[in-house]
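Note sheet for the following structure.
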Amino acid sequence: MAYSARTVRRAFLHPLVPPPRGRRLVQLYTGLCLFGLGCALLIASRLGAMPWDVLHQGLSLHTGLSVGTCSILAAGAVMLLWAPLRQRVGLGTVSNAVVVGLSVDASLWLLPEVEGLAARWAALVAGTVLTGLATGCYIGARLGPGPRDGLMVGLAERTRLSVRTARTGIEVAVVVAGALLGGTVGVGTLLFAIAIGPLAQIALPLLTIEEPRPARTPSGGRD
Numbered sequence: 008m009a010y011s012a013r014t015v016r017r018a019f020l021h022p023l024v025p026p027p028r029g030r031r032l033v034q035l036y037t038g039l040c041l042f043g044l045g046c047a048l049l050i051a052s053r054l055g056a057m058p059w060d061v062l063h064q065g066l067s068l069h070t071g072l073s074v075g076t077c078s079i080l081a082a083g084a085v086m087l088l089w090a091p092l093r094q095r096v097g098l099g100t101v102s103n104a105v106v107v108g109l110s111v112d113a114s115l116w117l118l119p120e121v122e123g124l125a126a127r128w129a130a131l132v133a134g135t136v137l138t139g140l141a142t143g144c145y146i147g148a149r150l151g152p153g154p155r156d157g158l159m160v161g162l163a164e165r166t167r168l169s170v171r172t173a174r175t176g177i178e179v180a181v182v183v184a185g186a187l188l189g190g191t192v193g194v195g196t197l198l199f200a201i202a203i204g205p206l207a208q209i210a211l212p213l214l215t216i217e218e219p220r221p222a223r224t225p226s227g228g229r230d
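Residue numbers for the sequence shown follow my numbering, beginning at 8 and rising by one.
Below, the structure is given as structure tokens:
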């Protein structure tokens with residue numbers, strides 16, 4: 008099923024209104040931290056990183072910066088592309104750009120070396136499932152799309168492509184660029200690309216925080 012840009016935008020709601028509440032903030036930052044951990048597990052598996060992390064790995068190899076730092080810098084560059092696409096930056100956007108990168112670096116530092124094919128496959132599957140659940144978690148907080156999500160939606164709106172087509176085009180481009188720079192492309196990259204949509208679709212209904220309905224004002228009745 009191909010979703011329209013308008014349908015996906017509704018999942019994020021307006022990025023800054025109403026003001027964030029406690030549960031929204033907890034869910035947003037929990038989701039972003041878990042997403043970073045999932046990315047780190049995929050990298051640690053050495054069976055193929057998620058598409059954007061292939062690019063971040065390639066940039067890391069050529070700059071000497073950490074993968075997480077490259078993720079933050081890439082997110083900032085993507086946000087610059089929002090201006091012509093008329094996307095609005097929200098708390099979730101800025102938080103996504105920074106927190107995911109920090110979480111990736113912290114997780115890679117804390118995770119032990121993954122040895123043996125079985126352990127590497129376990130890390131790959133765990134990382135893929137975790138990123139799917141984390142995606143539902145941070146999108147469900149409804150505090151604004153991440154930089155890459157906004158790019159996907161903005162391109163879909165401006166080009167009249169489906170969100171799925173826009174996302175596929177973007178991710179193919181970053182994988183090719185990352186692979187040319189030396190990033191790790193493998194079965195994990197393909198598995199992530201296939202599984203992330205269905206996993207997020209399962210998680211979103213469970214984790215989306217609905218807006219409270221305004222109380223009805225009593226209308227005048229018959230005497």
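All C-beta atoms in this analysis are idealised placements derived from N, C-alpha and C, irrespective of residue type, glycine included. These numbers were taken from a predicted model, which means no experiment stands behind them.
Classification of TRP59 by the beta-carbon crowding that lies within 10 angstroms, buried from 16 upward
On the sequence shown, position 52 is the one that residue 59 refers to. Buried: at least 16 other Cβ atoms inside 10 Å.
Reference PRO212, options GLU122, VAL132, LEU140, closest by Cα
Your numbering for residue 212 matches position 205 in the sequence shown. The candidate whose alpha carbon is nearest that of PRO212 is LEU140.
Could you name the residues of the same chain whose beta carbon sits closer than 8 Å to that of ILE216, not counting the 5 residues immediately before and after it, in chain order?
As a working note, residue 216 is residue 209 in the sequence shown. Shown here for ILE216: same chain residues with a beta carbon closer than 8 Å to its own, the five before and five after excluded, namely ARG30, ARG31, GLN34, GLY147, ALA148, ARG149 in chain order.
Reference ALA126, options ILE50, LEU98, GLY185, closest by Cα:
Counting from one through the sequence shown, the residue named residue 126 turns up at place 119. Of the listed residues, the one whose Cα sits closest to ALA126 is ILE50.
When you compare only the Cα positions, how much space is there between GLY153 and TRP89?
For this step, residue 153 is matched to residue 146 along the sequence shown. For this step, residue 89 is matched to residue 82 along the sequence shown. Cα to Cα, GLY153 sits roughly 11 Å from TRP89.
Cα-Cα separation between ALA129 and VAL61, rounded to whole angstroms:
Looking up residue 129 in the sequence shown gives position 122. Looking up residue 61 in the sequence shown gives position 54. Cα to Cα, ALA129 sits roughly 20 Å from VAL61.
Excluding the 5 residues preceding and the 5 following THR142 in the sequence, name in chain order all residues of the same chain whose CB lies nearer than 6 Å to its CB.
Locating residue 142 in the sequence shown gives position 135, counting from the first residue. Here the set comprises ALA207.
Hey, would you say ALA184 sits closer than 9 Å to GLY65, going by beta carbons?
Within the sequence shown, the letter at position 177 stands for residue 184. Within the sequence shown, the letter at position 58 stands for residue 65. Against a cut-off of 9 Å, the Cβ pair of GLY65 and ALA184 comes out as a contact.
Backbone CA spacing between THR100 and PHE42 [nearest angstrom]:
To locate residue 100, count along the sequence shown from 1; it is residue 93. To locate residue 42, count along the sequence shown from 1; it is residue 35. Rounded to whole angstroms, THR100 to PHE42 spans 14 Å at the Cα level.
Hey, GLY38 and GLY97: beta-carbon distance below 9 Å or not?
The residue given as residue 38 occupies position 31 in the sequence shown. The residue given as residue 97 occupies position 90 in the sequence shown. Cβ atoms of GLY38 and GLY97: not closer than 9 Å.
On the CB-based measure, 16 or more other CB atoms within 10 Å of its CB, does LEU214 come out buried or exposed?
Locating residue 214 in the sequence shown gives position 207, counting from the first residue. Classification for LEU214: buried.
Which whole-angstrom value describes the C-beta separation of LEU198 and LEU137, a residue pair presumed to lie in contact below a C-beta threshold of 8 Å?
Position 191 of the sequence shown, counted from the first residue, corresponds to residue 198. Position 130 of the sequence shown, counted from the first residue, corresponds to residue 137. Not confirmed; about 13 Å, so no contact.
Where does LEU187 sit, in a helix, a strand or coil, going by DSSP?
By one-based count along the sequence shown, residue 187 stands at place 180. Of the three classes helix, strand and coil, the one that applies to LEU187 here is helix, per DSSP.
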